[in-house]
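A.B. asks: What follows is a single structure, and I will ask about it in a moment.
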Ligand code: SF4
Ligand code: SF4
Ligand code: SF4
Ligand SMILES: [Fe+2]
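Protein chains in written order, with the numbering used here: chain A, 247 to 683; chain B, -5 to 428.
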C-alpha cells in the first residue's frame, strides 16, 4: 500500500523540492510507493483538502521553509495535526536560513524598506499590503520553535541523493537486496579478525557480495551492502562492543557513522538528525515496515542500540564536519596571515582555503554535502548548519581554526578583520540563535 | 449577492499565492486579485553584508532559477566597483545561464504546463500532474527527465551546485569547466538538440489542438518588458527593452532603469506590481517572461530558434498578446538555449583557467545588474561603501514584473468566463491522456 505523504512549503525558495526533483530518473522507483496527498508546487490538491483529512492520517509530512507569516505558522500547526511524522526539510525549516538575517531588524523596519522606501516606488503608493494577506510575525523562526519535529534533513538544499535515501528509509526500502550469508564468510582477513584487535567491524551482520576492498586494505566493514539474512557467530562480540560506545575511538566513531548511513540507509551524511525516535514512530503508526522489521534479532539489537545511543548523545553526531569530506590539505604550505575577502586573488586548488587566508566555514559546519563549494574553489558558507549550538559562533570559529590550521593571527586580530560577523558566521542559522539577536 | 470564488493555493506555481474573483449580483466581475502571501525582505537584510557575499545569499530567493539570482547581483557589484571580467568568465556565465534556461523551460513545459494540455483542463486533480504524465507517456516523460537532468547537471558542473550555485565571484568565475567534464556534456549535445526539437513538435501539436483557446482566451494587450543585446534576444547581458501594446520599442541601459520601471505597492499582494513609468499605473502595466522576450527581440540569437520565431510570428503576428502563446515562446527560447550551449561547449574559453580578474578593489558607489531569468527580467541595484559593504539594495524580480500583468490577464479571462460565457463554445481537443 502506498504511503501517504504531504509536502508543505512555507516562506522559502522551492529549492529543496527542486533538489528532490533533481533525482530525475532516480525518482521513478520511489514514486509508486508514495501517495502524495498535498504538494501545491506539483499537484492540484487545494488547502481545504488537507484540512479535511483526519488528524494523524498522513504518515510523513515534509515541511520546507521557515516561519515568516501568520499563514506559515498556521500551516505548520496544520501539518503537525495531520501527519504522524514531521520532517524539517532543508535549512530554512531546520535553522531559519539566510532570511533569518532579517531578525536583526524590527518588523516595521523591514516593512518600511520594502513597501515604502525602495527607489522604484513611483506613484505615491506604499505601506504594508493588508487586504487578504496573512501578516508578518515579528521574527523568523525555524519549524521546531512552533511544533515538535521528528527528523531533520539539513542543507540548502539537501543533496538529491540524501533526500531520496531519507524517503526510502521512511518507506522501509533497502537499496540493495539482502543475501543469506554474512560478510565474515567471505572476509579476506578472517584469521586476523579486526574485532579481536578492538576495532568496530560490522562484517558479522552485513551481507556478502562486495569486492572485499575494505578488509583487504585492513579497514573494517562499514556495512554498505546492507543487512544479511543470517548473522555470523562473531556478532556476539560486536554486540558487546556496541554496548560501550561512549569510550570508542574517533576512528570507530566514523565507522559507526558510516555504518548507520549505509547499512540502515539512514542518511546521516545528508544531515539527517535523529532528533526523535523515528523508528519507534514509524513502528507505532506505520504501515511501512521499517528497515529493521525483517532483520535477524541480533542485527536489530545492534542497530537499535546504536540508534538509541545516537539519539541520547547528540554530540556524537556532530563529529563530522565539511573538512572531513574535503580533499584539501590542512597543514599545507600556506598560512593565513590576514583575513582575505572572497573577491581577492584566486586560491590554488590544493591547499586548505583557510590556510590561504579565506574564511571557510568547513570546520564548524555539519558534514553532508561532500564539500560541494570547495570543489569550485569557493569557501564553505555553512549551509548545512553548525556543528555546535548555543555558543558564540564567531569565537568558536576562531578558536577552532587557531587550534587546527596554519594561522598566524591572534584570535582578536582574526575576528577584528571580519567586518560582517553575523553574515559570515551565522548566515544560515541566525534565526536559531537562542536568546535572539 | 456578491459571490467570491477563491482558489487557495494556486498550484504548480513557484511562490505562494491565492486567487480571488469577486462577482456582483448580476454575475459581473467586480474584482480579481492575485494575492501573493509571502515575502522575506531581502531588500533589507542585505544591508551590512559584504557585497561579494550577496550572490551567495540571493539564490535563495528562488530554487527554480537560482542561477540568475547568483549572476545578476555579481554583475551589479562589478558595475558598482568598476570591475571588468575576462572573456572566459563571460562565456562560462553565459553557459551557466543557458543551462538553467534549458532545464527550467523543460520543467515548466512538462511538469507545470503540460498536465493541463495532455490531460485536458477538466481531468481529476489527483491525476492532473507530471507524475501521471510520466506514468502514462513514459517515453515523453523520460525524455523530459533526461533534458532536465542534462541542464541541471551542467549547472552543477559550472556552478558547483545546480540549486544555489557558488562559482561566480566579483571579478569572474572561481573555476572553469574541467576538460573531461566538458567533453562528457559535448557527447550528449546531439541527443539533446534532437529532444529539444521533438519538444517543439509536441508544443506545435498542442497549439494546433488548442488553437481555439490560444486565439481567443486571454488575448490581452499590455506593455512588455525584456532584455536584448543590440536588439537581439539575450538572457545574460544587454539593455532593458520595453514594447508598447502597439509594438513601439524603447531601450534603456540597466543604470537608467528608474526612468522606465515603476513599482506600485498594491493593498492585496506582497509581490508588488511593476509598470512602464512613462505610461503610469495601471495603464503602463506590462508583462514579462517568454512571450515578452520574443516580443522584444528583433530576432533570436541562433538559427533554429530564429526559424521557430519567424514561424510563430507568421501565425500570430510580430507582437503577440496571446497569453497561451507564452508556452510557444518558451519552446523557442528552449531551442535557443540548447543551441547556445552547443556553441559554447565547443569554445575553449569555457575550460580556460584565466577566468578571474585578480585585481578587484571595492569602491564607494552603486551599480545595477540585469539578466533575463527564466520567468522574466531580473534587476539588482546595489549600493556599496568604500570597504565594499552593502549599504542598500533594491531588487526587481521576475515575480514583480509578472504579477500585475497576470492579474490584468486574469481579469480579462474572468470576464470571458463569467460574463461572456466564452469558454462554453470553445473547441477543446480530446485529451491525449485519458
Ligand atoms: S533550505 Fe534552501 S533550498 Fe530549501 S527552501 Fe530553504 S532556501 Fe530553498
Ligand atoms: S577549512 Fe574549508 S578548505 Fe579547509 S579543509 Fe575545511 S572545508 Fe576544506
Ligand atoms: S560546502 Fe558548506 S556552504 Fe557549500 S554546500 Fe557544503 S555545507 Fe553548504
Ligand atoms: Fe523588490
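Using N, Cα and C, we set each Cβ at its ideal position, and we do this for glycine too.
Does any residue of chain A bring its CB to less than 8 Å from the CB of residue 358 of chain B?
C.D. replies: Counted from its first residue, the second chain places residue 358 of chain B at position 364. No - not a single Cβ of chain A is within 8 Å of the one on residue 358 of chain B.
A.B. asks: Quick check on the contact list: which residues have their beta carbon closer than 6 Å to a heavy atom of ligand 1?
C.D. replies: Answer in sequence order: A:258, A:259, A:261, A:262, A:310, A:311, A:336, A:337, A:338, A:343, A:402, A:403, B:54, B:57 and B:157.
A.B. asks: Residues in its own chain within less than 6 Å of residue 145 of chain B by CB, not counting five upstream and five downstream?
C.D. replies: Numbered from 1 along the second chain, position 151 holds the residue referred to as residue 145 of chain B. 93, 96 and 97, listed in sequence order.
A.B. asks: Which residues of chain A have a Cβ atom closer than 8 Å to the Cβ of residue 25 of chain B, listed in chain order?
C.D. replies: Taking the second chain and counting its residues from 1, one reaches residue 25 of chain B at position 31. Simply none; closest approach about 10 Å.
A.B. asks: Does any residue of chain A have a CB that is nearer than 8 Å to the CB of residue 375 of chain B?
C.D. replies: Translated into positions along the second chain, residue 375 of chain B becomes position 381. Residue 375 of chain B counts as touching chain A.
A.B. asks: I'd like to confirm something about residue -4 of chain B: is its beta-carbon nearer than 7 Å to some heavy atom of ligand 3, or not?
C.D. replies: On the second chain, residue -4 of chain B is found 2 positions in, with the first residue counted as 1. No.
A.B. asks: Determine the chain A residues that contact residue 260 of chain B at a beta-carbon separation under 9 Å, and present them in chain order.
C.D. replies: Against the second chain, residue 260 of chain B aligns to sequence position 266. Chain A residues near residue 260 of chain B: 371, 375 and 377.
A.B. asks: Just checking my contact of residue 176 of chain B with residue 283 of chain B at CB under 8 Å: how many whole Å lie between their CB atoms?
C.D. replies: By one-based count along the second chain, residue 176 of chain B stands at place 182. By one-based count along the second chain, residue 283 of chain B stands at place 289. About 31 Å separates the two Cβ atoms, so there is no contact after all.
A.B. asks: Would the beta-carbon of residue 568 of chain A be found less than 7 Å away from any heavy atom of ligand 2?
C.D. replies: As a first step, residue 568 of chain A is located in the first chain; it is residue number 322 there, counting from the start. Within the cutoff, so yes.
A.B. asks: Any beta-carbon of chain B closer than 8 Å to the one on residue 603 of chain A?
C.D. replies: Residue numbering aside, residue 603 of chain A sits at position 357 when the first chain is read from its first letter. Not an interface residue.
A.B. asks: On the three-state DSSP scale, how would you describe residue 193 of chain B?
C.D. replies: Walking along the second chain from the start, residue 193 of chain B turns up at place 199. Residue 193 of chain B falls in the helix class under three-state DSSP.
A.B. asks: If residue 392 of chain B sits next to residue 371 of chain B, beta carbons under 8 Å apart, how far is it from one beta carbon to the other, in whole angstroms?
C.D. replies: Along the second chain, read from residue 1 onward, the residue named residue 392 of chain B stands at position 398. Along the second chain, read from residue 1 onward, the residue named residue 371 of chain B stands at position 377. Sure, about 7 Å apart at Cβ, within 8 Å.
A.B. asks: What does residue 320 of chain A touch in chain B if you count any residue whose Cβ is under 8 Å from its own?
C.D. replies: The count along the first chain starts at 1 and reaches residue 320 of chain A at position 74. Simply none; closest approach about 11 Å.
A.B. asks: Is the Cβ of residue 590 of chain A closer than 8 Å to any Cβ of chain B?
C.D. replies: Walking along the first chain from the start, residue 590 of chain A turns up at place 344. Yes - at least one Cβ of chain B is within 8 Å of the one on residue 590 of chain A.
A.B. asks: Listed in chain order, which residues of the region 386 to 397 of chain A have Cβ atoms closer than 9 Å to some Cβ of chain B?
C.D. replies: Here the close residues are 386.
A.B. asks: Looking at residue 631 of chain A and ligand 2, is the gap between the Cβ and the nearest heavy atom below 7 Å?
C.D. replies: The count along the first chain starts at 1 and reaches residue 631 of chain A at position 385. Not so, every heavy atom of ligand 2 lies at least 7 Å from the Cβ.
A.B. asks: Quick one: grab the DSSP three-state call for residue 289 of chain B.
C.D. replies: Within the second chain, residue 289 of chain B is the residue found at index 295, counting from 1. Reduced to three states, the DSSP call for residue 289 of chain B is helix.
A.B. asks: Note down the Cα distance separating residue 532 of chain A from residue 598 of chain A, rounded to an integer number of angstroms.
C.D. replies: As a working mapping, residue 532 of chain A is identified with position 286 in the first chain. As a working mapping, residue 598 of chain A is identified with position 352 in the first chain. Its pLDDT being 41, under 50, residue 532 of chain A is placed unreliably by the model, and nothing is read from it.
A.B. asks: Does the CB of residue 263 of chain B have a neighbour CB from chain A at under 8 Å?
C.D. replies: Position 269 of the second chain holds residue 263 of chain B. True, the Cβ-Cβ gap to chain A drops below 8 Å.
A.B. asks: Please state whether DSSP places residue 635 of chain A in a helix, a strand or coil.
C.D. replies: What you label residue 635 of chain A is simply residue 389 of the first chain in a count that begins at 1. Three-state result, residue 635 of chain A: coil.
A.B. asks: Closer than 6 Å by C-beta to residue 111 of chain B: which residues in its own chain qualify, once you throw out the five before and the five after it? Chain order, please.
C.D. replies: On the second chain, position 117 is the one that residue 111 of chain B refers to. Contacts found: 200.
A.B. asks: From the DSSP output, in three-state form, read off residue 520 of chain A for me.
C.D. replies: Residue 520 of chain A sits at position 274 when you count from the first residue of the first chain. Low per-residue confidence applies at residue 520 of chain A: pLDDT is 43, beneath 50, and the placement is therefore not dependable enough to give any value.
A.B. asks: Step through the CB atoms of chain A and report whether any lies within less than 8 Å of the CB of residue 44 of chain B.
C.D. replies: On the second chain, residue 44 of chain B is found 50 positions in, with the first residue counted as 1. At least one chain A Cβ lies under 8 Å of residue 44 of chain B.
A.B. asks: Could you tell me if the beta carbon of residue 648 of chain A falls within a distance shorter than 7 Å of some heavy atom in ligand 2?
C.D. replies: For the purposes of this step, residue 648 of chain A is taken as the residue at position 402 of the first chain. False, no ligand heavy atom lies under 7 Å from that Cβ.
A.B. asks: Which term fits residue 215 of chain B, buried or exposed, when burial requires 16 or more other beta carbons within 10 angstroms of its beta carbon?
C.D. replies: Here residue 215 of chain B is taken as the residue at index 221 of the second chain, counted from 1. Residue 215 of chain B should be labelled exposed.
A.B. asks: Check the Cβ-Cβ distances between residue 290 of chain B and every residue of chain A, and say whether any is below 8 Å.
C.D. replies: Working through the second chain from its first residue, we reach residue 290 of chain B at position 296. Residue 290 of chain B does not count as touching chain A.
A.B. asks: Output the residue ranges of the beta strand (DSSP E) runs that lie fully inside the region 224 to 274 of chain B and measure 3 residues or longer, sorted by chain position.
C.D. replies: Counting only runs of 3 or more, we get 233 to 237, 243 to 246, 255 to 258 and 267 to 270.
A.B. asks: Let me check you understand the geometry: is the CB of residue 670 of chain A closer than 7 Å to at least one non-hydrogen atom of ligand 3?
C.D. replies: Here residue 670 of chain A corresponds to residue number 424 of the first chain, with the count starting at 1. For ligand 3, not one heavy atom lies less than 7 Å from the Cβ of residue 670 of chain A.
A.B. asks: Closer than 7 Å: is that where the CB of residue 678 of chain A sits relative to any heavy atom of ligand 6?
C.D. replies: Because ligand 6 does not appear in the structure shown, any question about it cannot be addressed here, the ligands present being ligand 1, ligand 2, ligand 3 and ligand 4.
A.B. asks: With a CB to CB cut of under 6 Å and the five nearest residues on each side skipped, what residues in its chain are close to residue 636 of chain A?
C.D. replies: As a position in the first chain, residue 636 of chain A is number 390, starting the count at 1. Taken in chain order, the residues that qualify are 680.
A.B. asks: Quick one: which residues of the region 133 to 149 of chain B get their C-beta closer than 8 Å to a C-beta of chain A? List them in chain order.
C.D. replies: Result list: 136, 139, 140, 142, 143 and 146.
A.B. asks: For a cutoff of 8 Å on Cβ pairs, would you count residue 513 of chain A as touching chain B?
C.D. replies: For the purposes of this step, residue 513 of chain A is taken as residue 267 along the first chain, with counting starting at 1. Bear in mind that a pLDDT of 48 at residue 513 of chain A, under 50, signals an unreliable position, so the model cannot answer this.
A.B. asks: With a cut-off of 8 Å, does the C-beta of residue 547 of chain A fall near any C-beta of chain B?
C.D. replies: Position 301 of the first chain holds residue 547 of chain A. Cβ-Cβ to chain B under 8 Å: no for residue 547 of chain A.
A.B. asks: Closer than 7 Å to a non-hydrogen atom of ligand 3 - does that hold for the CB of residue -1 of chain B?
C.D. replies: Residue numbering aside, residue -1 of chain B sits at position 5 when the second chain is read from its first letter. Not under cutoff, so the answer is no.
A.B. asks: Use the C-beta contact count for residue 410 of chain A: other C-beta atoms within 10 angstroms, 16 or more gives buried, fewer gives exposed.
C.D. replies: By 1-based counting over the first chain, the position of residue 410 of chain A is 164. Residue 410 of chain A should be labelled buried.
A.B. asks: Ligand 3 and residue 607 of chain A: does the residue's C-beta get closer than 7 Å to at least one heavy atom of that ligand?
C.D. replies: As a position in the first chain, residue 607 of chain A is number 361, starting the count at 1. Yes, ligand 3 has a heavy atom inside 7 Å of this Cβ.
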